[in-house]
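Asker:
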Amino acid sequence: MSTFSCPNCGDDVTPTIARARMVTCASCDSTILIESDAVRLAGEQGVMHEVPLLFDIGDTVICGETTVTLHGHARFSYGRGFWEEFWGETPSGDPMWVSVDEGDIVVQKPVPARNYPRTEGDFRPGRALHCQDKSFNVVEVDSAECVAVRGSFDEELKVGETYEFVNAQASNGLLLSGEIWEGGQSWFLGYWFDPFEITVRRQS
Amino acid sequence: MSLAATTTTVNCTSCGAGLDVLGGGRVMVHICPYCGAELDTQDNYKVIAKFDGLKRPDSPFRIGMSGKIKGVDYTVIGMLEYTERYRGQTWRWIDHQLYSPTHGYAWLTIEDGHLVFTRRYRRPVWISSAQVERANHPPTVTVDGDRYRYYETSTGEITFAEGEFTWAPKIGDKTTAVSVLTDNAMLAFSETNQEREVYRSELVDSAAVSASFGVRNPPVPSAPHPMQPDTGGGNDRFVQIVALIAMVACFALALFFDTRTGAVVGDPVVVHVRDIPSAVPVTIPDVPGPVRLTIDGTPYVEPTLANPPSAPVYAYASLTLTNADGSAVSGAPSRARVRIGGQRQNGLPGGNNHTELLFPSTLSGSYLLNLGWSSQGPGSANNRAGFQGDLTSASQLHFAEGTVTIRSYAGISRGYWLYWLGVAFLIVVGVSFLRRWNFNRRRWSGSDWTSED
Chain A
1 MSTFSCPNCG
11 DDVTPTIARA
21 RMVTCASCDS
31 TILIESDAVR
41 LAGEQGVMHE
51 VPLLFDIGDT
61 VICGETTVTL
71 HGHARFSYGR
81 GFWEEFWGET
91 PSGDPMWVSV
101 DEGDIVVQKP
111 VPARNYPRTE
121 GDFRPGRALH
131 CQDKSFNVVE
141 VDSAECVAVR
151 GSFDEELKVG
161 ETYEFVNAQA
171 SNGLLLSGEI
181 WEGGQSWFLG
191 YWFDPFEITV
201 RRQS
Chain B
1 MSLAATTTTV
11 NCTSCGAGLD
21 VLGGGRVMVH
31 ICPYCGAELD
41 TQDNYKVIAK
51 FDGLKRPDSP
61 FRIGMSGKIK
71 GVDYTVIGML
81 EYTERYRGQT
91 WRWIDHQLYS
101 PTHGYAWLTI
111 EDGHLVFTRR
121 YRRPVWISSA
131 QVERANHPPT
141 VTVDGDRYRY
151 YETSTGEITF
161 AEGEFTWAPK
171 IGDKTTAVSV
181 LTDNAMLAFS
191 ETNQEREVYR
201 SELVDSAAVS
211 ASFGVRNPPV
221 PSAPHPMQPD
231 TGGGNDRFVQ
241 IVALIAMVAC
251 FALALFFDTR
261 TGAVVGDPVV
271 VHVRDIPSAV
281 PVTIPDVPGP
291 VRLTIDGTPY
301 VEPTLANPPS
311 APVYAYASLT
321 LTNADGSAVS
331 GAPSRARVRI
341 GGQRQNGLPG
351 GNNHTELLFP
361 STLSGSYLLN
371 LGWSSQGPGS
381 ANNRAGFQGD
391 LTSASQLHFA
401 EGTVTIRSYA
411 GISRGYWLYW
421 LGVAFLIVVG
431 VSFLRRWNFN
441 RRRWSGSDWT
451 SED
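Going line by line, the protein sequences match chains A and B.
Each step along the first sequence adds one to the number in our numbering, with nothing skipped, and position 29 is 29.
Each step along the second sequence adds one to the number in our numbering, with nothing skipped, and position 89 is 89.
(1) Report the residue from T320/B, Q343/B, G331/B and Q345/B whose alpha carbon sits nearest the alpha carbon of R337/B.
(2) Show which residues of chain A have a CB atom less than 7 angstroms away from the CB atom of G104/B.
(3) Provide the residue span of the beta strand (DSSP E) that contains D258/B, from first to last.
(4) Tell me, please, whether the CB atom of L54/A is closer than 7 angstroms to any CB atom in chain B?
(5) Just to make sure I have the definition right: I need the residues of chain D whose C-beta is within less than 8 angstroms of the C-beta of S100/B. Which are they?
(6) Between the C-alpha atoms of M79/B and E164/B, what's the straight-line distance to the nearest angstrom?
(7) Please look up how many angstroms separate the CB atoms of H114/B and P221/B, rounded, as I've assumed it's under 8 angstroms.
(8) Comparing alpha-carbon positions, which option in G422/B, V265/B, Y316/B and R134/B lies nearest D390/B?
(9) Identify the residues that DSSP records as bridge partners of W444/B: which are they?
(10) Mind checking whether H225/B and P195/A have CB atoms under 7 angstroms apart?
(11) Are three or more beta carbon pairs between the stretch 371-380 of chain B and the stretch 265-276 of chain B nearer than 8 angstroms?
(12) Quick check on DSSP: helix, strand or coil for G88/A?
(13) Using beta carbons (cut-off 7 angstroms, strictly below), is P57/B in contact with chain A?
(14) With DSSP as the reference, label P195/A as helix, strand or coil.
(15) Rank Q131/B, A168/B, V271/B and V178/B by C-alpha distance to the C-alpha of C32/B and give the top, closest one.
(16) Considering only their Cβ atoms, is the gap separating E152/B from S179/B smaller than 7 angstroms?
(17) For a cutoff of 7 angstroms on Cβ pairs, would you count P95/A as touching chain B?
(18) Which runs of the beta strand (DSSP E) fall wholly inside the stretch 126-203 of chain A and span at least 3 residues, in chain order?
(19) By the 10 Å Cβ neighbour count, where 16 or more other Cβ atoms means buried, how is G24/B classified, buried or exposed?
(20) Going by DSSP in three states, N370/B sits in which element: helix, strand or coil?
(21) Taking the Cβ atom as the reference point for each residue, do D205/A and S30/A lie within a distance shorter than 7 angstroms?
(22) Tell me the DSSP secondary structure of Q42/B in three-state form.
(23) Between the Cα of R306/B and the Cα atoms of A252/B, R384/B, S327/B and A243/B, which residue gives the shortest distance?
(24) Can you look up I94/B in the DSSP assignment and give me helix, strand or coil?
(25) How about G72/A: is its C-beta nearer than 7 angstroms to some C-beta of chain B?
(26) Counting only beta-carbon separations shorter than 7 angstroms, does N137/A have a partner in chain B?
(27) Could you check if C15/B is buried or exposed, using at least 16 other CB atoms within 10 Å of its CB as the buried criterion?
(28) Is N167/A close to chain B? Criterion is C-beta to C-beta, closer than 7 angstroms.
(29) Work out the CA separation of G173/A and E155/A for me, nearest whole Å.
(30) Determine which residues of the stretch 63-76 of chain B have a Cβ less than 7 angstroms from any Cβ of chain A, and write them out in chain order.
(31) Can you tell me whether Y78/A is helix, strand or coil according to DSSP?
(32) Would you kindly report the start and end of the unbroken alpha helix (DSSP H) that includes E133/B?
(33) Identify the continuous alpha helix (DSSP H) that holds S210/B and give its terminal residues.
(34) What three-state label does DSSP hand Y419/B in the structure shown?
(35) Using a Cβ distance threshold of 8 angstroms, determine whether the stretch 250-260 of chain B contacts the stretch 408-415 of chain B, with at least three qualifying pairs required.
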């Protein structure tokens, strides 16, 4: 991906990966959407207060047999606190999300839209969901607001947008997570990891 | 989730005391250490319960203390005391809720003076107390290559609580946990609020962790802990493997040496039965290593009885080795006996018709092998021949033809001492296993599993 000028401040912006659809400008407070023939301002990137992090953009995280190099960092607030979501790619180019929630790490890949679970009615803890021939039980339902983003992503994230999120667990430990917002949804499938068991290769 | 950076203190909505907020975004309640009020952190610190008159247990770890465990910074944010009563006995232990901004929540527990570090375990493993009740053998689970075996089922009652927690403990709440044990860790399975939880515990260095948290008087272990490592046999595995290899090598070499029968020295001496009793000169050659004297009797002898029995006839010749002057030999075996006959026709030499005398290399020289008669049989032949009393002459035999052949072998080797060395290595292996068995017996002595379960 070639360098382009920030539509807001004019500074050079270089996405770290070719497939990036959204990047943040390091010089100003802007998020920029990359479209097929142009770039446009998408909003502000929010304030990312500094807190201790296990890993950061540019680091490569090895969780079990999955290796992910992190390119983007989003923070979601639920009022009393927040959790971190890192977007990255595996060495073979598959997109992955690495979530850090009070020391619990979840590595998930996007579920294709055709395999989304049926979502009629309200989610509630204990409700059964079916996705990709597996059964899940909803263990957590809440809402959160995207408060800040940094780096590059392969999808658009809007700071200030509120999402309903759902976590559902299968008997084999597989975790199905959904983000639902007005007019859309995304689902992700993956596993929990212990922060004591992961390896982080820091960016040089 | 991380705590919003701006939130650091709140006032207790019951007594107004200032409370430090240390525990991150997952904290559900805050129990005021001053008035015992349980405050709902998700509902403006509303009082949801009050625990009066509780006696704070004696723990060197206090809320607000920070230190490193396994290289990660943790802060003590809450403290619970559990009490378990069973058949008149009472056990107490103190759980400290820990929080790390990067590694989340954990527990530090003081058990019999040991420090136990416990974290949520998210592997898909589970054993219920009902499974334990139904099991005929101690239930096991294998996860991440470690095999855990059932240890105990315990029900603890909360008897003290203060600080911040990720759930809402109540004084008097009881939790039943099924514990399984592997070499250096335990898993605990508990079911609360329709949620199954699995926790993994391991011992941590009490002195190092206490020092890191600024504890001046670390807890002192009062009894061995089931998770305590087997420090007595750090090289057990190595010793067992090496000793086993050495033992097998010794036995193999011993067998190899035993099969080296050597070569015949000189001509065999053949003594006909009719010439017995007789004294046969034998020469033990001066060669390196021991010399083996073999004595073989004829396997089959033709009975001379008019009405022979169906069983083969036989006789035993006695063998006594003396010096050439007739004096007794010392330093070597000097007495034996060999059977003549006793096998059916076409019987093979060796076996029961073979005996040996082994001479150390230092006993070369000339000797006399005195052959006499010992006994004969079988009883049916003796009866038919009317033979009774001592066998002293060849004329009393139930057969007429037969020989005793004496050969000397040199260049032989024996595995005798290698067998003993192999046994010594076997003892080393045995002692190692015995020590390990004794260690495991002690560490499992606290298990509540009985075969009647």
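Glycine included, C-beta positions come from ideal geometry on N, C-alpha and C.
In this text, all values refer to a predicted model and were calculated from it rather than measured experimentally.
Answerer: On the basis of the data shown:
(1) T320/B
(2) E102, G103 and D104
(3) According to the DSSP assignment, D258/B belongs to no beta strand (DSSP E) but to the alpha helix (DSSP H) extending over D236 to D258.
(4) yes
(5) Looking at the structure shown, chain D is missing, and the protein chains on hand are A and B.
(6) Distance between the alpha carbons of M79/B and E164/B is about 8 angstroms.
(7) 5 angstroms
(8) Y316/B
(9) According to DSSP, W444/B bridges with nothing at all.
(10) no
(11) yes
(12) strand
(13) no
(14) The answer is coil: DSSP assigns P195/A none of H, G, I, E or B.
(15) A168/B
(16) yes
(17) no
(18) If one requires a minimum length of 3 residues, the beta strand (DSSP E) runs lying completely within the stretch 126-203 of chain A are 128-131, 134-153, 162-169, 175-181, 184-193 and 199-201, in chain order.
(19) buried
(20) strand
(21) For residue 205/A there is no data in the structure shown, the boundaries of chain A being 1 and 204.
(22) coil
(23) First, the amino acid is wrong: residue 306/B is Ala here, not Arg. Of the listed residues, the one whose Cα sits closest to A306/B is R384/B.
(24) strand
(25) no
(26) Chain B contact via Cβ: absent.
(27) exposed
(28) no
(29) 27 angstroms
(30) K70
(31) The answer is coil: DSSP assigns Y78/A none of H, G, I, E or B.
(32) S129 to R134
(33) S206 to S212
(34) DSSP places Y419/B in helix when its eight states are reduced to three.
(35) yes
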